[in-house]
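Working notes for the structure below.
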Amino acid sequence: MADMRGKLRRIRWRVGLLAGGMVSLLASVGLVAVTDAQAAAGCKVAYSVPSQWQGGFSGNVNITNLGDPINGWRLTWAFPSGQQVTQAWNASVTASGAQVTATNVSYNSNIGTNGTVSFGFNGSWTGTNTAPTSFALNGVTCTGGTTTTTSTTTTTTTTTTTTTTPPVGDAMAQVAAMQPGWNLGNSLDAVGSDETAWGNPRITEALLDNVRAQGFKSIRIPVTWSAHQGPAPGYTIDAAYMNRVKEVVDWALADGFYVMINIHHDSWQWINAMPTDRTNVLARYNALWTQLATKFRDSSTKLILESVNEPQFANSSGDAQNAQLLHELNTSFHGIVRRSGGNNASRLLVLPTLHTSSEQARVDELTTTINSLNDRNLIATVHFYGYWPFSVNVAGGTRFDAAVQKDLTDSFDRVHAAFVARGIPVIIGEYGLLGFDRHTGTIQQGEKLKFFEFFGHYARSKQLTTQLWDNGQHLGRTSFQWSDPELFAQIKSSWTTRSGTASSDQVFSARASAITNKALTLNLNGTSFVGLRHGTTDLVRGTDYTVSGDQLTITASAITRLSGSRAYGTNATLSARFSAGVPWRINLVTYDTPVLQNANGTTAAFAIPTTFRGDQLATMEAKYADGSNAGPHNWTSYKEFDQAFAPDYTANTTVLKPAFFADVNDGAKVTLTFHYWSGAKVTYYVTKSGSSVTGSLT
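At position 580 of the sequence shown (counting the first as 1) the number is 579 in numbering that gives the first Met the number 0, and the numbers step up by one without a gap.
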């Protein structure tokens, strides 16, 4: 991520290898006519398992048409041992139980006589991984021989050495094997003279070992080179720094990672000057990649190079010039690396869109570049930090709602259609939420969990490899502990399955009122509801709760019993359990409407005394007396969480920040409406006079 302190950014599972051999099955079968126009019989299917590990495997399928040409194909089979396909490339694969259907994608629908198409997939298994022995093409069972029309079936069994590395040259398979990925942010990409400049400790082998142990298969190592390059004309990279980068890369490769390195914050430090200083920028860029290509020419093919992070240009004439300049950078990078030889001749190379945006125009521009290069070992990359109002909690974007979901599906659909459907792999090189840059409380926990559950599911369905942005705010660099274990559990679960969620992870009961039944809407996400649990005790269906369709109702008697003395705050935590994925936490919360008090302060330091009484602040509106919007982002009345305002639950205050008052009219009375997660709302008034601020309830 283009991460810099105070700057907004745009944005494995561990596999134990099975020792010894494994089986590759070649099932060769014949085919009778598939359509009225295709009367000639014959096809050959070669099914192989080149790699297998505990609980998972990779499969390759080759279909050779021995009959008349066909346009549009569908291959079906049944897994004898109940295996499941988890990811596929060069075909669209769906399953119903053990029955699997693979259909062509746009670029491989035609199979001429004696022509062959291939596709691959990753799968999961338990117990045994017995290969299928019967296939059907376009609904007709293959019963003939491989070279004649006789009704014989032949199989050949061979033994190979187990490996988890897909064959070189199959970019889709290699990028699929990179899922999931993690970013080593705010270290080698730090702007300054040392990798500790932004507060993280030096990278250690132990850190990489622990990242690998979390289940990540690829690691993106952002590198900023600007402070370590000499002057023109050589632009020589400092040898000690180059060797340090190589050391970290080699540690990661030794751990079994796929590794991606790039040119990172240089993008906004000096590359962005290309519109007005093209000659010097291009010379420096080319010198940088020439040295990097030479240094890493003989590194493992699991090392992947990315041309530039989040490319951007200042003072350009517009989209057309931006597209031309990025095309020039990407093609120059490609040529330098390919010409350097060694493993670079076929190494996977990553090309970004402008700003690593998934907007259609930006995707189209990169499509043009990739088409012009005619290289099957290229990867497209974009970043994804979610629907902006939700990602930073502004404009009332407090919930994972239809708008947030559509923003995600539209983005992933665009890159899938432009690239993946044409056999060009895509890496979401960074993902997260922009609110994480400040602290993870900007987005409410349950809404955040729903976002990441859906993100993982939809990325998997669109065959996108994802790399979590982590600048130290997620996995501790020395403690090796997750700052939000619940979040990581949801992310990790989403790599392989869906999880059930609900409309909220909080059930509020006002202490000033009698307790009543409370209902939540379940989001089953393809799972089924199993039960509700408190600690290790299963609650009683029909007594403690009821379920009708997607409505879960917790009874008043259960809430009363579990809430005890009803102190303000969370009295009990329940777990809604589903047939797959992680449980959904539900907090039973006792609250009353928060109480605010009058206050005096300055534009630099103003805090409203607040007795929260068990409630939590969701968002804040600000308006002038005439109804117009006050404060920053004046296109909306809802201000940005933690930028314009923030709750301090420890100090019992609600802070209005200098950034809020910087955009408030002097002398004007501003009406604030605080919205709380219980549904309560409280009105408050502030007036700025010079640098002085007064606040009151009237």
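For each residue, glycine too, the CB sits at the ideal point set by N, CA and C.
Check: What are the start and end residues of the beta strand (DSSP E) that includes residue 552?
Finding: In the sequence shown, the residue the question calls residue 552 occupies position 553. 550-553 is the extent of the beta strand (DSSP E) around residue 552.
Check: Is residue 248 closer than 8 Å to residue 186 when the C-beta atoms are compared?
Finding: Working through the sequence shown from its first residue, we reach residue 186 at position 187. Working through the sequence shown from its first residue, we reach residue 248 at position 249. Contact flag unset, no.
Checklist line | Option in 411, 212 and 514 with minimal Cα separation from residue 359 | finding: Here the question's residue 359 lines up with position 360 in the sequence shown. Out of 411, 212 and 514, 411 has the C-alpha closest to the C-alpha of residue 359.
Check: Under the three-state reduction of DSSP, which class applies to residue 442: helix, strand or coil?
Finding: Position 443 of the sequence shown, counting from 1, holds the residue named residue 442. DSSP places residue 442 in coil when its eight states are reduced to three.
Check: Hey, out of 397, 571, 526 and 519, whose CA is closest to residue 536's CA?
Finding: Numbered from its first residue, the sequence shown carries residue 536 at position 537. The candidate whose alpha carbon is nearest that of residue 536 is 571.
Note to self: Whether or not the region 121-135 and the region 68-79 are in contact is what I'm after, with contact meaning three or more pairs of Cβ atoms, one per stretch, closer than 8 Å; do they touch?
What the structure shows: yes
Item checked: Extent of the continuous beta strand (DSSP E) run through residue 382 -> Working through the sequence shown from its first residue, we reach residue 382 at position 383. Segment 377-383, the beta strand (DSSP E) holding residue 382.
Margin query: For residue 674, list the residues DSSP reports as bridge partners.
Written below: Here residue 674 is taken as the residue at index 675 of the sequence shown, counted from 1. DSSP output for residue 674 lists 618 and 680 as bridge partner(s).
Notebook entry, point to check: Is residue 431 near residue 481, with beta carbons less than 8 Å apart?
Noted result: Start at 1 with the first residue of the sequence shown, and residue 431 comes out as number 432. Start at 1 with the first residue of the sequence shown, and residue 481 comes out as number 482. Cβ atoms of residue 431 and residue 481: not closer than 8 Å.
Check: Does the separation of the CB atoms of residue 354 and residue 308 fall below 8 Å?
Finding: Here residue 354 refers to the residue found at position 355 of the sequence shown. Here residue 308 refers to the residue found at position 309 of the sequence shown. It is not a contact, given that the beta carbons lie outside the stated cut-off.
Item checked: DSSP beta-bridge partners of residue 219 -> As a working mapping, residue 219 is identified with position 220 in the sequence shown. DSSP lists 182 and 259 as partners of residue 219.
Check: What residue does the beta strand (DSSP E) around residue 583 start on, and which one ends it?
Finding: As a first step, residue 583 must be located in the sequence shown, where it is residue number 584. Note, residue 583: beta strand (DSSP E), 583-590.
Item checked: Close beta carbons around residue 312, own chain, < 7 Å, minus the five adjacent residues each side -> As a working mapping, residue 312 is identified with position 313 in the sequence shown. Within the same chain, residue 312 has close Cβ partners 271, 273, 274, 321 and 324.
Check: Assuming residue 417 contacts residue 366 under a Cβ cut-off of 8 Å, what Cβ separation, rounded to an integer in Å, is found between them?
Finding: On the sequence shown, position 418 is the one that residue 417 refers to. On the sequence shown, position 367 is the one that residue 366 refers to. Between residue 366 and residue 417 the Cβ distance is about 5 Å, and since that is below 8 Å, they are a contact.
Checklist line | Beta-carbon proximity of residue 677 to residue 590, cut-off 8 Å | finding: Working through the sequence shown from its first residue, we reach residue 677 at position 678. Working through the sequence shown from its first residue, we reach residue 590 at position 591. In this structure, residue 590 lies closer than 8 Å to residue 677 by Cβ.
Notebook entry, point to check: Does DSSP put residue 265 in a helix, in a strand, or in coil?
Noted result: The residue you call residue 265 lines up with position 266 of the sequence shown. Note: residue 265 maps to helix in three-state DSSP.
Next item on the list: Just tell me which of 692, 433 and 364 has its CA closest to the CA of residue 598.
Entry: What you label residue 598 is simply residue 599 of the sequence shown in a count that begins at 1. Checked all of 692, 433 and 364; the closest Cα to residue 598 is 692.
Note to self: Give me, in chain order, the residues of the same chain whose beta-carbon lies closer than 6 Å to that of residue 196; leave out the 5 immediate sequence neighbours on both sides.
What the structure shows: What you label residue 196 is simply residue 197 of the sequence shown in a count that begins at 1. So the list reads 189, once near-sequence residues are dropped.
Check: Along the chain, where does the alpha helix (DSSP H) that runs through residue 364 open and close?
Finding: In the sequence shown, counting from the first residue as 1, residue 364 sits at position 365. Counting along the chain, the alpha helix (DSSP H) containing residue 364 begins and ends at 359-372.
Notebook entry, point to check: Exposed or buried, which one is residue 494 when buried takes at least 16 other CB atoms within 10 Å?
Noted result: Numbered from 1 along the sequence shown, position 495 holds the residue referred to as residue 494. It counts as buried.
Check: Under the three-state reduction of DSSP, which class applies to residue 630: helix, strand or coil?
Finding: Start at 1 with the first residue of the sequence shown, and residue 630 comes out as number 631. Here residue 630 sits in coil by DSSP.
Item checked: residue 112 versus 214, 65, 244 and 622, residue with shortest Cα-Cα distance -> Position 113 of the sequence shown, counted from the first residue, corresponds to residue 112. Comparing Cα positions, the closest option is 65.
Margin query: Run through the DSSP bridge pairs and tell me what residue 101 is partnered with.
Written below: Along the sequence shown, read from residue 1 onward, the residue named residue 101 stands at position 102. Note: residue 101 sits in a beta bridge opposite 74 and 92.
Margin query: What does the Cβ neighbour count give for residue 244, buried or exposed, with the cut at 16 atoms within 10 Å?
Written below: In the sequence shown, the residue the question calls residue 244 occupies position 245. Classification of residue 244: buried, given that the 10 Å Cβ count is 16 or more.
Check: Looking at C-alpha atoms only, which residue of 549, 94, 533 and 516 is the closest neighbour of residue 524?
Finding: Position 525 of the sequence shown, counted from the first residue, corresponds to residue 524. Among 549, 94, 533 and 516, the Cα nearest to that of residue 524 belongs to 549.
Note to self: I need the DSSP call for residue 566, collapsed to helix, strand or coil.
What the structure shows: The residue labelled residue 566 in the question sits at position 567 within the sequence shown. The answer is coil: DSSP assigns residue 566 none of H, G, I, E or B.
Note to self: For residue 613 and residue 588, which I take to be in contact (beta-carbon distance under 8 Å), what is that distance rounded to the nearest angstrom?
What the structure shows: Counted from its first residue, the sequence shown places residue 613 at position 614. Counted from its first residue, the sequence shown places residue 588 at position 589. Residue 613 to residue 588, Cβ: 6 Å. Contact.
Note to self: From the DSSP secondary-structure annotation, give me the bridge partner or partners of residue 435.
What the structure shows: Here residue 435 is taken as the residue at index 436 of the sequence shown, counted from 1. None; residue 435 has no bridge partner.
Item checked: Candidates 333, 583 and 462, of which the one nearest residue 452 by Cα -> For the purposes of this step, residue 452 is identified with residue 453 of the sequence shown, where counting begins at 1. With distances taken between Cα atoms, residue 452 lies closest to 583.
Notebook entry, point to check: So is the beta-carbon of residue 509 under 7 Å away from any non-hydrogen atom of the ligand FMN?
Noted result: For the ligand FMN, the structure offers nothing, since it holds no ligand at all.
Item checked: Beta-bridge partners of residue 699, as assigned by DSSP -> With the chain covering 0 to 697 only, the question about residue 699 has no answer from this structure.
Next item on the list: Would you mind listing the beta strand (DSSP E) stretches within the region 425-509 that are 3+ residues and don't spill past its ends, in chain order?
Entry: 425-430, 464-467 and 505-509
Next item on the list: Quick one: using the 10 Å Cβ neighbour count with 16 as the cut-off for buried, is residue 250 buried or exposed?
Entry: Within the sequence shown, residue 250 is the residue found at index 251, counting from 1. Label assigned to residue 250: buried.
Checklist line | Rounded separation between residue 387 and residue 393 - CA only | finding: Numbered from 1 along the sequence shown, position 388 holds the residue referred to as residue 387. Numbered from 1 along the sequence shown, position 394 holds the residue referred to as residue 393. Rounded to the nearest angstrom, the two C-alpha atoms are 8 Å apart.
Note to self: Taking its Cβ as the centre, do 16 or more other Cβ atoms sit within 10 Å of residue 615, making it buried, or is it exposed?
What the structure shows: As a working note, residue 615 is residue 616 in the sequence shown. Burial call: buried.
Next item on the list: Kindly say whether residue 328, judged by its beta-carbon, lies nearer than 8 Å to any beta-carbon of chain C.
Entry: No chain C appears in this structure, which consists of one protein chain only.
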